[in-house]
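Taken in order, these protein sequences are the chains called X and S.
Quick note: the working numbering has the first sequence finishing at residue 1056, numbered continuously throughout.
Quick note: the working numbering has the second sequence finishing at residue 263, numbered continuously throughout.
Data block below; observations after.
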Amino acid sequence: MTLLSLEFMRRALIAAALVGVTAPAIGTFLVQRRLALMGDGIGHVALTGVGLSLLLGTAPLPTAVVLAVAGAVAIELLRERGGATGDVALALLFYGGIAGGVLLTNVSDAATTTTLVSYLFGSVSTVTGGDLWVITALALLVLGVVAVFGRELFSVCYDEEVARASGLPVRLLNLLIAVTAALTVALAMRVVGLLLVSALMVVPVAAMQQVARSFRATLLGSLVIGVAVSVGGLVAAYYLDLAPGAAIVLLAIGVFAVTSVAGRAR
Amino acid sequence: MTAAFELVGGRVVLGGREVLRGIDFTLGASEFVAVLGANGSGKSTLVRTLVGLLPLSGGTLRVFGEESFRDRARIGYVPQRLTSATGVPATVREVVLSGRTPRLSRLRPVGAADRAAATAAVAAVGLADRAGDRVASLSGGQQQRVLIARALASEPDALVLDEPTAGVDAESQEAFGETLRLLKERGVAVLLVSHHLGALAELVDRVVVVSAGEVSYDGPVPPGGMPDDDHHHPGVPGDGLWGLR
């Protein structure tokens, strides 16, 4: 098979599969908390990290991780405060993140806005061996968090007030969700891009919601969909010469359309 | 036995307004107390303070005898509104089983005892045949019973219910009364916030009426009448407060 004989495609496929399993894992909790767009916000802030790395000449992925985590914590603290001020503050963070990324990239001599576009929409074929290690480590971390804290995260996302009354460390768990989402955004950055990462966190979950009865089935099913569309979209992009990130997301939306019809027919 | 809750001179300020103004409230172990009061009287604030959701600005609160109470899994709390309208589906069994979470250490998987407690809790609210169904597919009253079952799953020593019967269908009302009777027999302390006691009055050991952030009545359910705070101003027993509807 020619596809697997190519070194860069092997790396790309592994990276895509890892993102496919990780993004819906934390995405399920974000959707349950009605924070489906949080990944988007974090992605915007991570872009400033990319710009910063281009300016300073540091590695983009670790720098984006740091900025994404900082941004996620900021978003969570603003959200916790609630109200209209929080809403506006979130908007400031989102747009500030994008603008910061563009500005820093332009200031740096190393790159042009074209470089930025590869982070906005992904460039999975340029994933390096080093990237793959970071992506693998982050994916294991995210899946580990979901495995160990999943039960508590369910309680907090389902009913925050009762979770607090029953003595669960609600604030810590909320921050954990935010930080885990940030790690997911960073690891998915090279595969689907910062502007599309949120789609991979949300759309597989939304697709499973149409047909599943239980939380467990939604979570596990969305992981399967995530991997299937990531790998499938990448393969399709290779043979049809499409943009991989876009192909993956559109394939996920296609799955959603199918399950949503199936769910209605039931 | 130590009282489940003992609040002395409790003051709570919300948004700059003093909502509880020096309240004394006790829920003894195995006692069944109904808290009544008009909307805005502070009864929900009282309940939220007791379960640790709101900080006191004055007074002392002892929970099972301790001022810095940690073992919150001993208290089952059923909030007033349904907060279950989340995007991801969950079955009745999953939601009820999540009531065990505070009792479990992080790395321990859910065991047979947890499943048994959840199954018993689902049965106690009369939803055994719906255990595998999506919570969102149930009626409002049934969803309220799911929340009660979740609180029961942790096998609490005290149960706090904030207006659990508001807008609940007759079948659920009946199932709810049955559940409370069962708990009372088991010796669980129950604090019930309600507008109408109705048939539950016979279970109640004591009634506390809250008005304008203070306790205006604390005593037995008066014979021959049930509290009706929707049509009268609570506060002065004898002015028709206990009149028949």
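Cβ coordinates follow ideal geometry from the N, Cα and C atoms, glycine included.
From a predicted model like this one, the values you see are computed outputs, not experimental measurements.
Could you spell out where the beta strand (DSSP E) holding residue i opens and where it closes?
i, result
"Thr44 (chain S)", "35-45"
"Leu32 (chain S)", "23-32"
"Asp180 (chain S)", "176-180"
"Ala232 (chain S)", "The sequence given here has Glu at residue 232 (chain S), not Ala. From DSSP, the beta strand (DSSP E) with Glu232 (chain S) extends over 232-237."
"Gly77 (chain S)", "76-81"
"Arg224 (chain S)", "224-229"
"Gly94 (chain S)", "93-96"
"Ala130 (chain S)", "No beta strand (DSSP E) holds Ala130 (chain S); the alpha helix (DSSP H) holding it covers 130-142."
"Ala826 (chain X)", "Looking at the DSSP string, Ala826 (chain X) is not in any beta strand (DSSP E), and its letter there is neither H nor E."
Going along the chain, which residues of its own chain have a beta-carbon closer than 6 Å to the beta-carbon of residue i, five neighbours each way excluded?
i, result
"Arg801 (chain X)", "Val917, Leu922"
"Asp257 (chain S)", "Note that Asp257 (chain S) scores 38 on pLDDT, short of 50, meaning its location in the model is unreliable; the coordinates nonetheless yield the value given after this. Taken in chain order, the list of residues that qualify is empty."
"Gly60 (chain S)", "Val37, Leu38, Val228, Gly231"
"Val1092 (chain X)", "Look at the range of chain X in this structure, 791 to 1056, and you will see that residue 1092 (chain X) is not part of it."
"Val186 (chain S)", "Gly159, Gln162"
"Pro255 (chain S)", "Summary for Pro255 (chain S): the model assigns pLDDT 43, below 50, so the residue's position carries little reliability; its value from the coordinates is reported in the next sentence. Same-chain partners within the cutoff: Tyr235."
"Gly817 (chain X)", "Met991, Val992, Val995"
So, under 8 Å CB-CB, residue i and residue j are touching, yes? Tell me the CB distance rounded to an integer number of Å.
i, j, result
"Phe911 (chain X)", "Ala1036 (chain X)", "7 Å"
"Val975 (chain X)", "Val987 (chain X)", "5 Å"
"Ala862 (chain X)", "Val993 (chain X)", "At roughly 20 Å, the Cβ-Cβ gap does not stay under 8 Å, so Ala862 (chain X) and Val993 (chain X) are not in contact."
"Gly839 (chain X)", "Leu985 (chain X)", "Not confirmed; about 14 Å, so no contact."
So the candidates are the options; which of them puts its Cα closest to the Cα of residue i?
i, options, result
"Val835 (chain X)", "X:Ala807, X:Val892, X:Ala849", "X:Val892"
"Gly886 (chain X)", "X:Leu851, X:Thr905, X:Gly919, X:Leu837", "X:Leu837"
"Thr1008 (chain X)", "X:Met991, X:Pro1034, X:Val907, X:Leu977", "X:Met991"
"Phe82 (chain S)", "S:Ala22, S:Ser234, S:Asp180, S:Gly144", "S:Ala22"
"Leu844 (chain X)", "X:Asn896, X:Arg980, X:Glu866, X:Leu883", "X:Asn896"
"Val128 (chain S)", "X:Glu870, X:Ala937, X:Leu851, X:Leu931", "X:Ala937"
"Ala193 (chain S)", "S:Ser116, S:Val225, S:Glu220, S:Gly159", "S:Gly159"
"Ile93 (chain S)", "X:Ala955, X:Leu963, X:Ser1004", "X:Ala955"
"Gly76 (chain S)", "S:Phe43, S:Val37, S:Arg29, S:Ile41", "S:Arg29"
"Ser898 (chain X)", "X:Leu965, X:Leu846, X:Ala1052", "X:Leu846"
"Val164 (chain S)", "S:Met19, S:Ser116, S:Arg199, S:Asp42", "S:Ser116"
"Leu145 (chain S)", "S:Leu210, S:Ala167, S:Glu84", "S:Ala167"
"Leu25 (chain S)", "S:Leu32, S:Met19, S:Gly46", "S:Gly46"
"Gly1044 (chain X)", "X:Gly810, X:Ile1015, X:Ile967, X:Phe819", "X:Ile1015"
"Gly919 (chain X)", "X:Val960, X:Leu851, X:Ala889, X:Leu966", "X:Leu851"
"Pro174 (chain S)", "S:Val239, S:Ala135, S:Arg80", "S:Ala135"
"Leu68 (chain S)", "S:Ser172, S:Val211, S:Ala217", "S:Val211"
"Thr792 (chain X)", "X:Tyr1029, X:Ile967, X:Val811, X:Thr818", "X:Tyr1029"
"Leu857 (chain X)", "X:Glu870, X:Gly831, X:Ala881", "X:Gly831"
"Phe87 (chain S)", "S:Arg124, S:Leu71, S:Gln98, S:Val96", "S:Leu71"
"His48 (chain S)", "S:Glu220, S:Val206, S:Ala217, S:Arg124", "Note on identity: in this sequence residue 48 (chain S) is Ser, with His being the wrong assignment. Among S:Glu220, S:Val206, S:Ala217, S:Arg124, the Cα nearest to that of Ser48 (chain S) is on S:Val206."
With residue i as the anchor, note down where its alpha helix (DSSP H) starts and where it stops.
i, result
"Thr918 (chain X)", "Per DSSP, Thr918 (chain X) belongs to no alpha helix (DSSP H) and is neither H nor E."
"Val992 (chain X)", "987-999"
"Val809 (chain X)", "797-822"
"Ala1033 (chain X)", "Per DSSP, Ala1033 (chain X) belongs to no alpha helix (DSSP H) and is neither H nor E."
"Phe194 (chain S)", "188-204"
"Leu64 (chain S)", "61-68"
"Ala971 (chain X)", "960-978"
"Ala955 (chain X)", "950-955"
In chain order, what residues of the same chain have a beta carbon less than 8 Å from the beta carbon of residue i, not counting five sequence neighbours either side?
i, result
"Leu1041 (chain X)", "Val1019, Gly1022, Gly1023, Ala1026"
"Ser1050 (chain X)", "Ala997, Gln1000"
"Ser945 (chain X)", "Val952, Ala953, Ser956, Leu958"
"Gly286 (chain S)", "Since the first and last residues shown for chain S are 19 and 263, residue 286 (chain S) lies out of range."
"Ala1002 (chain X)", "Thr1008, Gly1011"
"Arg133 (chain S)", "Leu115"
Heavy atom of the ligand ATP less than 7 Å from the Cβ of residue i, yes or no?
i, result
"Leu170 (chain S)", "Among the components modelled here there is no ligand, and therefore nothing to report on the ligand ATP."
Which residues in the same chain have their Cβ closer than 7 Å to the Cβ of residue i, if we skip the five residues on either side of it in sequence?
i, result
"Ile754 (chain X)", "Outside the shown range of chain X, which is 791 to 1056, sits residue 754 (chain X), and nothing can be said about it."
"Asp248 (chain S)", "With a pLDDT of only 44 at Asp248 (chain S), under 50, the local geometry of the prediction cannot be trusted, and no value is derived from it."
"Gly237 (chain S)", "Arg224, Val225"
"Asp151 (chain S)", "Thr109, Val110"
"Glu950 (chain X)", "Val960"
Does residue i come within less than 8 Å of chain C when only Cβ atoms are used?
i, result
"Phe1005 (chain X)", "Absent here is chain C; the protein component of the structure consists of chains X and S."
Query raised in the report: Taking any Cβ of chain X, which residues in the stretch 53-72 of chain S have a Cβ under 7 Å from it, in chain order?
Result: Val69, Gly70, Leu71
Requested in this report: Taking only beta carbons into account, state which residues of the stretch 104-115 of chain S come closer than 7 Å to chain X, listed in chain order.
Outcome: Thr104, Gly105, Val106, Pro107, Ala108, Thr109, Glu112, Val113
Query raised in the report: For the stretch 953-967 of chain X, which residues have a beta carbon sitting closer than 7 Å to at least one beta carbon of chain S?
Result: Arg954, Ala955, Ser956, Gly957, Leu958
**Report entry** Residues of the stretch 970-984 of chain X whose Cβ lies closer than 8 Å to any Cβ of chain S, in chain order
**Finding:** none
Query raised in the report: Any residues in the stretch 922-943 of chain X with a beta carbon nearer than 9 Å to a beta carbon of chain S? Which ones, in chain order?
Result: Val938, Phe939, Arg941, Glu942
**Report entry** Interface positions of the stretch 118-145 of chain S facing chain X (Cβ-Cβ less than 8 Å), listed along the chain
**Finding:** Thr119, Pro120, Leu122, Arg124, Leu125, Val128
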